[in-house]
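Scroll down for the structure; my scribbles are underneath it.
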Amino acid sequence: MSTSNEKLLIDIGSTYFKVSTNASIEQHFRDFNKQILDDLIHKCGDTVHRFEASDIHICSSANGGLSTLIIGLTHSYSLKYASNIAFNSGINIIQSIVFQNIEDYSIPSDVIDVVIIVGGIDSNGGLFDQRLSDYIAKLDYSNVVYVGNSQDAAAIASQVERLVVLPNIIDDRLHIVEQHLKEYLTNLYQQDIEGKEDIKHLYQITGNQIYPTPYVVNKSLPLIHSSFSVTEPFILLDIGGATTDVHYSKDLVSDNIVTEQGHDRIVFKKLGVYKSRQSLIFTAENNEFAYELLMHLKVTENIYTEYSEKATRILMQLAIFLVLCKMSHYRPTYVTLNLLAINSIVFTGGITKVLEAEDIEDVVAFFYRKILNSDHKPVTVLDTNYDIWTLGAREHATCQ
0 MSTSNEKLLI DIGSTYFKVS TNASIEQHFR DFNKQILDDL IHKCGDTVHR
50 FEASDIHICS SANGGLSTLI IGLTHSYSLK YASNIAFNSG INIIQSIVFQ
100 NIEDYSIPSD VIDVVIIVGG IDSNGGLFDQ RLSDYIAKLD YSNVVYVGNS
150 QDAAAIASQV ERLVVLPNII DDRLHIVEQH LKEYLTNLYQ QDIEGKEDIK
200 HLYQITGNQI YPTPYVVNKS LPLIHSSFSV TEPFILLDIG GATTDVHYSK
250 DLVSDNIVTE QGHDRIVFKK LGVYKSRQSL IFTAENNEFA YELLMHLKVT
300 ENIYTEYSEK ATRILMQLAI FLVLCKMSHY RPTYVTLNLL AINSIVFTGG
350 ITKVLEAEDI EDVVAFFYRK ILNSDHKPVT VLDTNYDIWT LGAREHATCQ
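Laid out in structure tokens, this is it:
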């Protein structure tokens, strides 16, 4: 058996799984003809069986994360604060709605995992009206949570089915209060994992909660300097088969949100190269500069229909370009970063198995020249051994 202080860390991704001990990290491409647990035991059974269930810690991004719709009173506080907590809890935001204009928003056709309602401070009330319950009644949702002012809670609970009421995320000094909503969202993610047949079988080998991988990676960022030459401020791009996660230093944004973390996270759920391939291609086809990038890379749009190593490499490069666009002033999505201030860009995930440093630097340089009209060149750092997630996982396992 393992030594008493040794932990086994396992990360289940949409295309790879990783197994880490004190001595080594193993990476394996998943066999999609097998259940995850069977595949894991087939490839790493000798390692897994060395550990007690209490010493095995698992994180996963294989379920793709939860989708949320946020209804708030203002962009500057309600929506911004709730979005911040959701992103850092491994949640994917599909839409943000300003309540005053709620009639102008369409009804999402997809099932929404969780609706978040937020707004006001506890000393104010009467901020929501019948339009809120009318809109929510038209949604197809699984969970709905209210984290706004306390005075409106009872009235909204009487109108909205299955409403969960938590303490306000905005205190009277307009600071963010993260704990209650973050815990609620993390538990929802846990329940979603348990509902996925493939993932819940992993509880046969661990006695610990399975956490979302982006949550664990965010825990790694304050520790990253112990293993990598990274200069603040930096961003970390985790580009994999289903999603692209972006972790970034808070001093890259102008919004001064008072939170516990020094880093934030956003996720682009449909910017992956395997499971989200068609969505990635659709996004590229709707980006006016993507065609120029393809020409720069000496390929044509025919690459979208190819299934080859070259095509995978080009799609990975496109993913880098598209996600940088989404964080720039060109096409801001959830947050606009001061990309000219970045000193380092760290890459982890499946991308490190496909691209070399020069492939990445070529695309980053193209982005800065074309979109930002700059010759700025942040240092590229590649996590080729998938070490970064283990920093947060080991820290988290030690604290449990």
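Take 0 as the starting number for the sequence shown in our numbering and just add one per residue. Beta carbons: idealized from backbone N, C-alpha and C, even for Gly. Please read all numbers here as calculations on a predicted model, not as lab measurements.
What span of residues does the beta strand (DSSP E) with residue i cover, start to end?
| i | result |
| --- | --- |
| S248 | T243 to S248 |
| F233 | F233 to I238 |
| E25 | I24 to F28 |
| V164 | L162 to V164 |
Quick one: grab the DSSP three-state call for residue i.
| i | result |
| --- | --- |
| G71 | strand |
| Q402 | The requested residue 402 is not part of the displayed model; the chain covers only 0 to 399. |
| K181 | helix |
| S82 | helix |
| L15 | Going by the sequence as given, residue 15 is Tyr instead of Leu. Correct three-state label for Y15: strand. |
| S95 | strand |
| Y273 | Here Y273 scores only 48 on pLDDT, less than 50, and its place in the model should not be relied on; the value that follows carries that caveat. The answer is coil: DSSP assigns Y273 none of H, G, I, E or B. |
| S88 | coil |
| Y140 | strand |
| T46 | helix |
| T299 | coil |
| D103 | helix |
| L354 | coil |
Would you decide whether residue i is buried or exposed? Buried here means 16 or more other CB atoms lie within 10 Å of its CB.
| i | result |
| --- | --- |
| I106 | exposed |
| P211 | buried |
| E259 | Summary for E259: the model assigns pLDDT 49, below 50, so the residue's position carries little reliability; its value from the coordinates is reported in the next sentence. Exposed, since its Cβ has fewer than 16 Cβ neighbours within 10 Å. |
| K376 | exposed |
| N91 | buried |
| K218 | buried |
| Q99 | exposed |
| E308 | exposed |
| Q129 | exposed |
| E5 | exposed |
| G391 | buried |
| M294 | exposed |
| K17 | buried |
| N167 | buried |
| A22 | exposed |
| Y306 | exposed |
| L173 | exposed |
If residue i and residue j are in contact, beta carbons under 8 Å, what's the gap, nearest whole angstrom?
| i | j | result |
| --- | --- | --- |
| V110 | D139 | 5 Å |
| E360 | T389 | Actually they do not touch by this definition, with Cβ atoms about 26 Å apart. |
| L36 | H179 | The Cβ separation is near 33 Å, so there is no contact. |
| I223 | I344 | Rounded, the Cβ-Cβ distance is 13 Å, inconsistent with contact. |
| S95 | P213 | Rounded, the Cβ-Cβ distance is 19 Å, inconsistent with contact. |
Can you tell me where the alpha helix (DSSP H) with residue i in it begins and where it stops?
| i | result |
| --- | --- |
| E291 | A289 to H295 |
| V322 | E308 to K325 |
Worksheet item: Counting pairs of beta carbons, one from the segment 101 to 118 and one from the segment 42 to 50, are three or more of them closer than 8 Å?
Response: no
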